[in-house]
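Residues 130 to 297 (my numbering) make up the sequence shown, in order. Quick reminder that beta carbons are idealized off the backbone N, C-alpha and C, glycines included.
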Amino acid sequence: MSNDKVATAGSQRRRLMRLLVLCTHNSARSQMAEGWLKHYAKAQGLEAEVWSAGTEKTFVKPDAITVMREVGLELNGHYSKTLYELPNPWEFDLVLTVCDSAKEACPLYPAKTLRLHASFPDPSGQGLDAWREVRDAIGRMSQALVRSLAEQGAADETALRRAVSNCR
130 MSNDKVATAG SQRRRLMRLL VLCTHNSARS QMAEGWLKHY AKAQGLEAEV
180 WSAGTEKTFV KPDAITVMRE VGLELNGHYS KTLYELPNPW EFDLVLTVCD
230 SAKEACPLYP AKTLRLHASF PDPSGQGLDA WREVRDAIGR MSQALVRSLA
280 EQGAADETAL RRAVSNCR
């Protein structure tokens, strides 16, 4: 889809918003964030195209699939991919990194792209309770971010940064 697609909501016209969640392997945190962001965007009526990717690719971790399924969100169709496998990888309105190494490795984006960072611990190798904690923290952040985007759009960078930083 092109970045200039326009959605009409009542008398207000809004452009389709493209969001990218970036992590190192696109195997857990970014996959969970993609699932949550799609869920909340649909619930809020936010016209958004949400993608996740990694600086490297591996596979979606089974524990991520398990804990997301517990809250009714399916990751079965998800697969690990790199940024360069996405359509129009330089045409995102917002890029959210969810681990520190992805923040450091994140490529440069045009000035119009807002970059946000929310660091979540890697639950790999820990029990399902650790996975649930990370899932829930990512869910809170995703809900706050989508609410802010739905209310104010990407124009209020301060509100978006606050939404991301206050929910961990």
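Item to complete: Identify which residue in Glu176, Ser253, Leu151 has its Cα closest to the Cα of Glu185.
Response: For the residues Glu176, Ser253, Leu151, the minimum Cα distance to Glu185 belongs to Leu151.
Worksheet entry | Endpoints, the alpha helix (DSSP H) within which Ser294 is located | Following the DSSP letters along the chain, one finds Ser294 inside the alpha helix (DSSP H) bounded by residues 286-294.
Practice prompt. Answer with buried or exposed for Trp260, where buried requires no fewer than 16 other C-beta atoms within 10 angstroms of its C-beta.
Written response: Buried, because 16 or more other Cβ atoms sit within 10 Å of the Cβ of Trp260.
Practice prompt. Consult DSSP for Thr211 and reduce its assignment to one of helix, strand or coil.
Written response: Strand at Thr211.
Worksheet item: Hey, how far is the Cα of Lys167 from the Cα of Ser253?
Response: When only Cα atoms are considered, Lys167 and Ser253 end up about 23 Å apart.
Worksheet entry | Residue closest to Val179, alpha-carbon to alpha-carbon, out of Asn205, Pro218, Phe188 | Ranked by Cα distance from Val179, the first of Asn205, Pro218, Phe188 is Pro218.
Worksheet item: From the DSSP output, which residues share a beta bridge with Arg147?
Response: Beta bridge pairing from DSSP links Arg147 with Glu178.
Worksheet item: At what residues does the alpha helix (DSSP H) containing Val263 begin and finish?
Response: Its alpha helix (DSSP H) spans residues 257-281.
Practice prompt. Measure the CB-CB distance between Leu149 and Ala182 and report whether it falls below 8 Å.
Written response: Taking 8 Å as the Cβ cut-off, Leu149 and Ala182 qualify as a contacting pair.
Worksheet item: Do you know how far the Cα of Leu175 is from the Cα of Tyr169?
Response: For Tyr169 and Leu175, the distance between alpha carbons rounds to 8 Å.
Item to complete: Could you please give me the residues that DSSP links to Gly183 through a beta bridge?
Response: DSSP, once it has assigned bridges, lists Cys152, Thr211 as partnering Gly183.
Discussion item. Going by beta-carbon coordinates alone, are Ser209 and Thr187 separated by less than 8 Å?
Written reply: The beta carbons of Ser209 and Thr187 sit closer together than 8 Å.
Worksheet item: Can you tell me where the beta strand (DSSP E) with Val224 in it begins and where it stops?
Response: Unbroken beta strand (DSSP E) run through Val224: 223-226.
Fill in: Inter-residue spacing [alpha-carbon to alpha-carbon] between Arg276 and Gly256
Distance between the alpha carbons of Arg276 and Gly256 is about 31 Å.
Discussion item. Strictly by DSSP, which residues pair up with Leu204?
Written reply: Beta-bridge pairing links Leu204 to no other residue.
Worksheet item: Measuring CA to CA, which of Ala288, Glu220, Pro191, Glu286 is closest to Leu145?
Response: Of the residues Ala288, Glu220, Pro191, Glu286, the one whose Cα lies closest to the Cα of Leu145 is Glu220.
Worksheet item: Who are the Cβ neighbours of Thr211 in its own chain at under 8 Å, not counting the five residues just before and after it?
Response: Result list for Thr211: Asn155, Ala182, Gly183, Thr184, Glu185, Lys186, in chain order.
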